[in-house]
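*Asks:* Just so you know, our numbering puts 700 at position 1 of the sequence shown, and the rest follows in order with no gaps. C-beta: ideal position from N, C-alpha, C; glycine also.
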Amino acid sequence: INSAINDILAGLSARVAAKKWAIPRTTLRRQLEDGLTRAQAHEHQQRLSKAEEERVRRWIVSQELLGYAPTHRQLRYIASQILQGRKDLEPLGRSWKDKYDLQTPRNGLQVVDTMRYLCPASPCTRRLLTRYSHKAARTIDLLSVQLVLKDRELEAQKALNERLSHKKRRAVEPDKNEIFCSLAQIKDVQGGLDELRRKRQRVRKPRTSNDDNTNATIIVATS
Numbered sequence: 700i701n702s703a704i705n706d707i708l709a710g711l712s713a714r715v716a717a718k719k720w721a722i723p724r725t726t727l728r729r730q731l732e733d734g735l736t737r738a739q740a741h742e743h744q745q746r747l748s749k750a751e752e753e754r755v756r757r758w759i760v761s762q763e764l765l766g767y768a769p770t771h772r773q774l775r776y777i778a779s780q781i782l783q784g785r786k787d788l789e790p791l792g793r794s795w796k797d798k799y800d801l802q803t804p805r806n807g808l809q810v811v812d813t814m815r816y817l818c819p820a821s822p823c824t825r826r827l828l829t830r831y832s833h834k835a836a837r838t839i840d841l842l843s844v845q846l847v848l849k850d851r852e853l854e855a856q857k858a859l860n861e862r863l864s865h866k867k868r869r870a871v872e873p874d875k876n877e878i879f880c881s882l883a884q885i886k887d888v889q890g891g892l893d894e895l896r897r898k899r900q901r902v903r904k905p906r907t908s909n910d911d912n913t914n915a916t917i918i919v920a921t922s
């Protein structure tokens with residue numbers, strides 16, 4: 700649309716610009732008149748504003764990160780709480796969920812597809828799933844996918860840390876050959892050895908010449 704508008708501002712006719720860029724002439728004329736798309740022009744008629752729809756989308760993403768699939772009832776409850784917060788007590792219509800999927804197609808794959816096997820879908824919802832599943836897959840929020848992958852990576856790292864932290868390290872006995880003594884301990888041992896040698900020398904009596912003569916006399920007398 701912006702390219703077609705630029706061509707018109709450059710001098711091209713609206714009919715040729717609409718045909719060139721495959722845009723309906725009514726859409727192009729509306730853009731030239733007020734600069735608003737159809738969705739923007741009717742935004743004031745929606746029950747939830749764009750900011751409130753973004754809050755709902757963030758809640759959906761947070762639930763999916765936790766491993767839960769939001770149901771239709773939970774989604775309607777969250778939207779009702781937002782409306783009650785600004786004093787809007789009128790209940791939501793029966794087809795509000797389908798209109799919400801139309802206005803936010805990138806939530807189609809994240810919300811409707813995950814709820815398909817939790818609650819029976821109406822024929823209208825099934826048609827919406829068939830119509831917008833590919834569009835939702837193309838427009839899915841890339842940041843949400845990256846957050847899910849990062850969350851799984853953190854969970855795997857946390858599990859690995861827990862497995863490693865529970866293992867007790869086996870106590871290793873010290874090698875006696877690697878035990879070293881201080882210089883003071885070595886001197887004390889040497890002093891004790893010297894004292895032991897002196898005691899042994901005092902116990903032993905030295906032999907004299909009188910002992911040798913006595914032994915010789917005893918031998919002669921015996922013979």
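Would the beta-carbon of Arg-754 fall within 8 angstroms of that of Ile-722?
*Replies:* On the sequence shown, residue 754 is found 55 positions in, with the first residue counted as 1. On the sequence shown, residue 722 is found 23 positions in, with the first residue counted as 1. No. Outside cutoff.
*Asks:* Judging by CA-CA distance, which residue of Leu-747, Gln-762 and Gly-890 is the nearest neighbour of Lys-786?
*Replies:* Position 87 of the sequence shown, counting from 1, holds the residue named residue 786. Taking only the C-alpha atoms, the option nearest Lys-786 is Leu-747.
*Asks:* Taking the straight line between their C-alpha atoms, what separation do you get for Leu-708 and Ala-716?
*Replies:* Within the sequence shown, the letter at position 9 stands for residue 708. Within the sequence shown, the letter at position 17 stands for residue 716. Approximately 10 angstroms, taken between the alpha carbons.
*Asks:* Gly-784 by DSSP, collapsed to three states: which one?
*Replies:* Within the sequence shown, numbered from 1, the residue matching residue 784 stands at position 85. Note: Gly-784 maps to helix in three-state DSSP.
*Asks:* Is the beta carbon of Ala-778 sitting closer than 8 angstroms to the one on Leu-791?
*Replies:* For this step, residue 778 is matched to residue 79 along the sequence shown. For this step, residue 791 is matched to residue 92 along the sequence shown. In contact: Ala-778 and Leu-791 (Cβ atoms closer than 8 angstroms).
*Asks:* By the DSSP assignment, the alpha helix (DSSP H) with Ala-768 in it spans what residues?
*Replies:* Numbered from 1 along the sequence shown, position 69 holds the residue referred to as residue 768. Taken as a continuous stretch (DSSP letters only), Ala-768 belongs to no alpha helix (DSSP H), as it is neither H nor E.
*Asks:* To the nearest angstrom, how far is the alpha carbon of Lys-857 from that of Lys-849?
*Replies:* Residue 857 sits at position 158 when you count from the first residue of the sequence shown. Residue 849 sits at position 150 when you count from the first residue of the sequence shown. In a straight line, the C-alpha of Lys-857 is about 12 angstroms away from that of Lys-849.
*Asks:* Pull up the CB-CB distance for Arg-728 and Ala-713, whole angstroms please, since I reckon it's below 8 angstroms.
*Replies:* Residue 728 sits at position 29 when you count from the first residue of the sequence shown. Residue 713 sits at position 14 when you count from the first residue of the sequence shown. Indeed, because the Cβ distance is near 7 angstroms, the residues count as touching under 8 angstroms.
*Asks:* CB-CB under 7 angstroms to Ser-761, same chain, minus the five flanking residues each way: which ones, in chain order?
*Replies:* By one-based count along the sequence shown, residue 761 stands at place 62. Cβ within range, chain order: n/a, list empty.
*Asks:* How big is the Cα-Cα spacing for Asp-887 and Asp-893?
*Replies:* Start at 1 with the first residue of the sequence shown, and residue 887 comes out as number 188. Start at 1 with the first residue of the sequence shown, and residue 893 comes out as number 194. Cα-Cα distance, rounded: 10 angstroms.
*Asks:* Where does Leu-774 land, buried or exposed, given buried means 16+ other C-beta within 10 angstroms?
*Replies:* Looking up residue 774 in the sequence shown gives position 75. With 16 or more other Cβ atoms within 10 Å, it is buried.
*Asks:* In terms of residue numbering, what span does the alpha helix (DSSP H) encompassing Ile-707 cover?
*Replies:* As a first step, residue 707 must be located in the sequence shown, where it is residue number 8. Its alpha helix (DSSP H) spans residues 701 to 708.
*Asks:* For a quick check, are the C-beta atoms of Lys-718 and Asp-706 less than 8 angstroms apart?
*Replies:* To locate residue 718, count along the sequence shown from 1; it is residue 19. To locate residue 706, count along the sequence shown from 1; it is residue 7. Contact: no.
*Asks:* So what's Lys-719 in DSSP terms, helix, strand or just coil?
*Replies:* Looking up residue 719 in the sequence shown gives position 20. It is helical.
*Asks:* Rounded to whole angstroms, what is the Cα-Cα separation between Arg-851 and Asn-860?
*Replies:* For the purposes of this step, residue 851 is taken as residue 152 along the sequence shown, with counting starting at 1. For the purposes of this step, residue 860 is taken as residue 161 along the sequence shown, with counting starting at 1. Going by the C-alpha atoms only, they are around 14 angstroms apart.
*Asks:* Let me check understanding here. Comparing Cα to Cα, which of Leu-711, Gln-783 and Ile-704 lies closest to Thr-726?
*Replies:* On the sequence shown, position 27 is the one that residue 726 refers to. Ranking Leu-711, Gln-783 and Ile-704 by Cα distance to Thr-726 puts Ile-704 first.
*Asks:* Have a look at Lys-767 and Asn-701 and give me their C-alpha separation to the nearest angstrom.
*Replies:* Sequence index remark: in the sequence shown, residue 767 carries index 68 (1-based). Sequence index remark: in the sequence shown, residue 701 carries index 2 (1-based). Looking at the sequence shown, residue 767 is not Lys but Tyr. Going from the Cα of Tyr-767 to the Cα of Asn-701 covers about 40 angstroms.
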